[in-house]
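Asks:
There are 2 protein chains.
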Amino acid sequence: MVRAGAGERDAAQGTAALLWGLREPPSRGPRPGLTVAGIAGAAVGIADTDGLEALSMQRVAAALGVTKMALYRYMAGKSDLEAVMIELAVGDPPDLAGVRGGWRARLEEFARLLARAWQEHPWLPGATVGDRVMGPRELGWVESAVAALDGTPLDGTERLDAVFVLFGHIRTTQSMSTAGTQPWTGDKRLTPVMHGLLAANGERYPALHQVFAEEGSLAGSADNGREFGLLRLLDGLELLIERRTS
Amino acid sequence: MVRAGAGERDAAQGTAALLWGLREPPSRGPRPGLTVAGIAGAAVGIADTDGLEALSMQRVAAALGVTKMALYRYMAGKSDLEAVMIELAVGDPPDLAGVRGGWRARLEEFARLLARAWQEHPWLPGATVGDRVMGPRELGWVESAVAALDGTPLDGTERLDAVFVLFGHIRTTQSMSTAGTQPWTGDKRLTPVMHGLLAANGERYPALHQVFAEEGSLAGSADNGREFGLLRLLDGLELLIERRTS
DNA sequence: TCAAAACTGTGTCCAAAGGACACTGTGTAG
DNA sequence: CTACACAGTGTCCTTTGGACACAGTTTTGA
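Chains as they are written, first to last, in the working numbering: chain A, 1 to 246; chain B, 1001 to 1246.
1) Let me know if residue 87 of chain A comes out buried or exposed under the rule of 16 or more other beta-carbons within 10 Å of its beta-carbon.
2) Do residue 123 of chain A and residue 51 of chain A have their C-beta atoms within less than 8 Å of each other?
3) Note down, in chain order, each residue of its chain lying with its Cβ closer than 7 Å to the Cβ of residue 1111 of chain B, except the 5 sequence neighbours on either side.
4) How would you list, in chain order, the residues of chain B whose beta-carbon sits under 7 Å from the beta-carbon of residue 23 of chain A?
5) Would residue 1114 of chain B pass as an interface residue toward chain A - the criterion being a Cβ-Cβ separation below 8 Å?
6) When DSSP labels each residue in this structure, what does residue 134 of chain A get in the three-state scheme?
7) To which residues of the same chain is residue 1043 of chain B closer than 7 Å at the C-beta, ignoring the five residues directly before and after it?
8) If the cut-off is 9 Å on Cβ atoms, which residues from the segment 156-174 of chain A count as contacting chain B, listed in chain order?
9) Residues of chain A with a CB under 7 Å from the CB of residue 1233 of chain B: which are they?
10) How far does the alpha helix (DSSP H) with residue 118 of chain A in it reach, from first residue to last?
11) From residue 1138 of chain B to residue 1014 of chain B, what does the alpha carbon distance come to, in whole angstroms?
12) Could you pull out every residue in the same chain whose Cβ sits closer than 7 Å to the Cβ of residue 1076 of chain B, ignoring the five residues on either side in sequence?
13) When the Cα of residue 1034 of chain B is compared with those of B:1227, B:1073 and B:1197, which residue comes out closest?
14) What alpha helix (DSSP H) runs, 4 residues minimum, are completely inside the segment 1022-1100 of chain B?
15) Just to confirm my understanding: we take residue 135 of chain A, look at its own chain, exclude 5 residues before and 5 after, and list those with CB closer than 6 Å. What are they?
16) Output, in sequence order along the chain, the residues in the segment 132-149 of chain A whose CB is closer than 7 Å to any CB in chain B.
17) Is the Cβ-Cβ distance between residue 1121 of chain B and residue 1223 of chain B less than 8 Å?
18) Going by C-alpha to C-alpha distance, which of B:1089, B:1098 and B:1234 sits closest to residue 1114 of chain B?
19) Give the single residue among B:1028, B:1210, B:1094 and B:1192 whose Cα lies nearest to the Cα of residue 8 of chain A.
20) DSSP three-state label for residue 185 of chain A, please.
21) Should residue 154 of chain A go down as buried or exposed, given a rule of 16 or more other Cβ atoms within 10 Å for buried?
22) Is it right to say residue 1159 of chain B is buried, meaning 16 or more other beta carbons lie within 10 angstroms of its own, or is it exposed?
23) For residue 99 of chain A, go through chain B and note every residue whose CB falls closer than 8 Å to its CB, in chain order.
24) What is the C-beta distance between residue 107 of chain A and residue 234 of chain A, in whole angstroms, given that I count them as a contact (C-beta under 8 Å)?
25) What residue range does the alpha helix (DSSP H) around residue 126 of chain A cover?
26) For a test of the three-state rule: what should DSSP assign to residue 1198 of chain B, helix, strand or coil?
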């Protein structure tokens, strides 16, 4: 459970210092053989290959030719490791200033860029949830999306809400189409097991049964509705903005 | 990592049998002292109180006054436990046949009911992601949402996409407002740590800085944009349906 | 009636996980 | 040149999910 105690606060401060480069380098002692970025890189490589749940201090240390405990000289624990991994993996935030076509074109471009960035790291959508300290680059992505709404009649709350909803939408559809497959839609569409269950209980789920009978158990788009939902969301935003303008 | 091997398939079959009540009761041997439902209930209680990450076989067994290994007589492992927990916690799917006002009113009601059901089990949004075998009740929720779109000119793919996007939206906004707090919005709005970082780097994030300055660092709605996003989504769907109709 | 078979719950054991802590070696500051 | 600060290693502990053998219990078939 995520509590908000004093210990959590201190841990967050440490993570923030790590992510934002606020730690002064040591003057005395042996040369560090590793760097935080190097550790993060090795960890990202493991997560990209074998998934986030295959990530352990041991494996990262082994990949770097070092003992597990050596990593604790660079970060306080595994949550810090995940934080620097995210910060490394998200990449540089996009500059949408050159995108022509107003807020809608900017936001659409943003969504596609975000999806593409996350596609290279299938574990990323699942890792960027919950209580977290964001690094400068990840915050840059948020800034980029909020800035895309410059010039619209939306107030601050609405802009943040819109951006948050957009993030959530990309995250959800992305995490489904890569790492885990959604049980009732997705790349493989319906899981064989679920398909059998639905076929055996068709009368109990008439609407679903009809939908899947309609297209030979291949219903649901390949991208888990990412494009569909994105267009609906932007349409809805456009409607609000138009109402607000007139 | 989620693989789709033969072992996974068998495991899914076992989970399906567990969830759909397809196991024949044993004839010989001692009376079982527990039930799957009872185990699930104890586990749900623990997760509700201390969160899903505090859940372990040991704790569930202890809550039932039994050894950890006894649970393995009723389910194959922890993933099975989570499956029956979900099936228990989602509750009975709603019947929206009595809702007047067409698809939009039905879907809106559905979204609120889903949010309310998930609110009672903060771990639920985070648990219902990824590759999974759904139980009869959880599938009933999907059926309910798909059926809400009966009568619209949307085809099967679009209906599934719409429902999936809606599920994702509720899940995302819900998981943020309960268990983990979003770092840049949410109930407590900006985390103190993030707030300090943003204040110290305002020139680097002008759009965000302006948004938070606008309302005294209390930007972002209390429900993480759930209502906002829901209305935008429904507006977008309505637009599509209107275009399709005319 | 009685033994074999099937089943429940317990106790023991294991590997892997995150992390604490003491220790050895190394480099710089006074 | 000495003392301190730091890097990396090795050892230890707790908790986790799970395998497996065992003892006790109930039903089935001979």
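By construction, the Cβ of each residue, glycine as well, lies at the ideal position given by its N, Cα and C atoms.
Everything numeric in this text was worked out from a predicted model, so none of it was measured.
Replies: The short version:
1) buried
2) yes
3) 1166, 1170 and 1230
4) Here the premise fails: no neighbours, minimum Cβ distance about 14 Å.
5) no
6) coil
7) 1055, 1060, 1081 and 1085
8) 156, 157, 158, 159, 160, 161, 162, 163, 164, 165, 166, 167, 168, 169, 171, 172 and 173
9) 232, 233 and 236
10) 102-119
11) 17 Å
12) 1011 and 1014
13) B:1073
14) 1036-1050, 1057-1063 and 1078-1089
15) 19 and 87
16) 132, 133, 134, 139, 142, 143, 146 and 147
17) no
18) B:1089
19) B:1192
20) With a pLDDT of only 47 at residue 185 of chain A, under 50, the local geometry of the prediction cannot be trusted, and no value is derived from it.
21) buried
22) buried
23) Result: empty, since nearest Cβ-Cβ is about 15 Å, beyond 8 Å.
24) 6 Å
25) 124-127
26) helix
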